[in-house]
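Beneath this line is the structure, given in structure tokens, with notes to follow.
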Ligand code: SF4
């Protein structure tokens, strides 16, 4: 075993939690210190710490830095998972965890010693590349570099650098069209039995579900009329294997690809695991039958990384670039967001850098890139073309259906798991936003970045220089586009708007949008810090005139881009001698990017054209100023479809052959109407198949809904007191859901210290400097921890077992009365529309509680006036009690579900 008896690293160490601060000298004892003392010690000498931003947050000293164990871990074990807490690090290293806060500093010394000893051991799996990387980190004065140096020996042979080590993809033949095959119910059942394993419980619900899903894969009866199945599958049905059984059978028989689309990364991870029952990791020819595919903005762009390593980044971001280069060499797929890159790594570097290293701006030069054959994005795209199963997300499936590079790769058999989110995903995919931030992206793509930017980012003329020199008309079109794009906003636009000196027609329009939005604002500054918006109606003449000028400027950009697209097509149709396969791929890539920029410009023009005239009933248009903490960060015009399932039906459903939406919360009570409307099925020429499969869980005996009736709305001290006491009564394991960040912060601020002193750590989104995925990992890992959060946690949390035993909602989750919501509410039946939304949210939140047969717990709503008509949100048979907080606490403390309580009985009760 590696370094089992490693010596602790005798450097001073610091730990700060909500319960206090502890400092340990290099050799010697640990003592509690004040925050002030801790800050002095940190400023004096680099201390061993764990998660610098979190310690900084606890000490109220933002500039804190030191010898962060997480950075050392990321260097020694790149691409390895660890929960970024003392307990999580101990588990990842296989060493004893500290048993209390004051034991953490000594633990940090042990963990550091263990990691250093690992670097000396012969079986260190991630040795390759470490020495070379360390030499660069020494030059960058990374705090760990000199400590590590004596422990990492120089390799005998020079190490290959990252770009030489990564594997190359190979061209593979196009997959033919899938065969039309019929799969029999008996075969589906047999496959399901094989996947669930011999001797597993025979679940009739799952078998029926699987048989129904099989029908989606039957040959399509008519053009543009796919098979559509809506399947409401209660938690615990076993839906993943339920659909993977017919999907794997169909893929095997037909030679086609099935896409499974999810909304959360969690489910993607789970699917990746479960698909291992149906497919081997690699086929005989070395290709992979199952591929996870994300949007390109998720992946590391090697060209951007090379730039960063060669001087594009300096200081801390440069250190991050070297960490990422270490990770890239060991990563499974180069996915930086939700893949095997620890979510906390970006936060350690205050997020600077991660986004800049992905291909956010669509500036990929494809075959013109020296790393094209190793590119993670190209690897994923090519692998998915050969895959039996592609695991993707809703947005990517929609974008691929709308503008996939390769027609043959568009999804035709799709299972939308977490299907209740398809509406939201369609809503954002098919929306248009002409905002400063969007327009400046387009400007950079056409003109290139402004002078202050480092790096390789280049405009159209540099990217297509060879086309310009070969094809005169193409060259002229590029020049014209670059000139016309000067009308778009440039860097510093927000400041110019503030000073009242906008440059160009689009900035002038945005200035007017801002003025109108503020003029009509009625929030009285109460919501300062949050965005404000107003309808794009009743605008006066000068604003409409500015919109006309901006629309003209946009049209003037679009027309040379269209001409250029035509020239590129002509070159591809009649290729010159010098155009090799790589050049061809690059021009195809450029043509594709041009096409969707032209579509974007058309959508903006259409939005502006409507401003002076009557509104289009198909759309909801509005003006908005986006703000965060009172700081404006974007301004613009927005257009959403009133019913985004119309374009979804046209773009995704009609070209497909079989589509299924499945979820535990598709339906509203006994009603299917809303689910059908929100699936897009109403817009195609065939009725969807409907299936309902009840959860096998015993909600009547394993869960309770407690509606607390004596916490007045708006009484923050009482709300905080209630949260604190509920967490104590449960001994942690509470997920608290809020509809407003402001209230969540206020509650957290009042109770976190006190709970921490009772051994009940409390984490919160938007308070702790930790990404949401990592917060959930921490919550899952520590049964005493509780987590507060907002919408994203309502159904992004899958924490089976003891770690989650109580969900608390601060109030009924009413929808925010935005302009878009108002329009949909009016079209969707008024308050009945709101009720449906709320019931869906309650059902999703309740769904967090019981994830497996052995789970049990309480769902608490702190609302004196919880309308009875919302109760159908909960599974039938679940007991619902209206009671006071005291009574609720009694039930929680004496819970029939729990035997142990971690509450500190000697502590006085919370007063809020
Ligand atoms: S091919 Fe494109 S995305 Fe891939 S590394 Fe090169 S520039 Fe980046």
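Numbering (this note's numbering), first residue to last: 2 to 913. From the three backbone atoms N, C-alpha and C, an ideal C-beta is built for every residue, glycine too.
Out of curiosity, what's the CA-to-CA distance linking residue i and residue j?
i           : j           : result
residue 557 : residue 599 : 11 Å
residue 752 : residue 729 : 11 Å
residue 198 : residue 261 : 22 Å
residue 826 : residue 818 : 9 Å
residue 903 : residue 731 : The predicted position of residue 903 is uncertain, since its pLDDT is 41 and thus under 50; a value taken from the coordinates is nonetheless stated next. The alpha-carbon atoms of residue 903 and residue 731 are separated by roughly 7 Å.
residue 63  : residue 57  : 5 Å
residue 60  : residue 42  : 12 Å
residue 126 : residue 73  : 15 Å
residue 278 : residue 250 : 13 Å
residue 813 : residue 396 : 29 Å
residue 830 : residue 628 : 31 Å
residue 358 : residue 298 : 9 Å
residue 523 : residue 637 : 19 Å
residue 851 : residue 802 : 8 Å
residue 208 : residue 643 : 38 Å
Flag residue i as yes when its Cβ comes closer than 7 Å to any non-hydrogen atom of the ligand SF4, and as no otherwise.
i           : result
residue 355 : no
residue 303 : yes
residue 389 : no
residue 921 : Coverage of the chain is limited to positions 2 through 913, which leaves residue 921 absent and any answer about it impossible.
residue 360 : yes
residue 372 : yes
residue 588 : no
residue 120 : no
residue 378 : yes
residue 807 : no
residue 331 : no
residue 599 : no
residue 229 : no
residue 731 : no
residue 244 : no
residue 519 : no
residue 366 : yes
Below 6 Å CB to CB, which residues in the same chain sit around residue i once its five sequence neighbours on both sides are set aside?
i           : result
residue 723 : 712, 863, 886
residue 505 : 488
residue 368 : 583, 586, 587
residue 84  : 778, 779, 782
residue 182 : 254, 255
residue 354 : 318, 321
residue 19  : 753, 754, 757
CB-CB under 7 Å to residue i, same chain, minus the five flanking residues each way: which ones, in chain order?
i           : result
residue 4   : Interpretation of residue 4 is limited by its pLDDT of 48, a score under 50 that renders its predicted location unreliable; the figure taken from the coordinates is listed afterwards. The residues are 115, 118, 119, 122.
residue 379 : 170, 373
Quick one, which of the options has its alpha-carbon nearest residue i's?
i           : options            : result
residue 836 : 232, 816, 851, 860 : 816
residue 263 : 829, 851, 664, 727 : 664
residue 105 : 138, 32, 135       : 32
residue 596 : 194, 574, 405      : 405
residue 387 : 801, 255, 394, 436 : 255
residue 710 : 881, 850, 265      : 881
residue 535 : 515, 547, 543      : 515
residue 552 : 13, 607, 560, 513  : 607
residue 382 : 681, 51, 160, 335  : 335
residue 265 : 796, 109, 177      : 796
residue 747 : 768, 162, 839, 139 : 768
residue 287 : 312, 257, 173      : 173
residue 679 : 755, 243, 419, 296 : 419
residue 707 : 659, 192, 35, 866  : 866
residue 465 : 562, 162, 501, 46  : 562
Can you list, in chain order, the residues of its chain whose CB lies under 8 Å from that of residue i, leaving out five sequence neighbours each side?
i           : result
residue 772 : 344, 345, 347, 348
residue 634 : 438, 495, 627, 628
Legend entry - the segment 561 to 570 touching the segment 507 to 525, judged by at least three CB pairs closer than 8 Å: Counting Cβ pairs under 8 Å, fewer than three are found: no touch.
Legend entry - Cβ contact check for the segment 278 to 292 and the segment 699 to 717: 3 or more pairs under 8 Å: Counting Cβ pairs under 8 Å, fewer than three are found: no touch.
Inset, instruction - Check whether the segment 220 to 227 touches the segment 648 to 664, counting contact only when three or more Cβ pairs, one atom from each stretch, lie closer than 8 Å. - result: yes
Inset, instruction - Evaluate contact between the segment 233 to 246 and the segment 686 to 697, counting only Cβ atoms and requiring at least three cross-stretch pairs below 8 Å. - result: When Cβ pairs closer than 8 Å are counted between the two stretches, the segment 233 to 246 is seen to touch the segment 686 to 697, the count reaching three or more.
Inset, instruction - Would you check if the segment 321 to 339 and the segment 68 to 82 touch, i.e. whether three or more CB-CB distances between them fall below 8 Å? - result: yes
Legend entry - Contact between the segment 840 to 857 and the segment 869 to 876 (3+ Cβ pairs under 8 Å): yes
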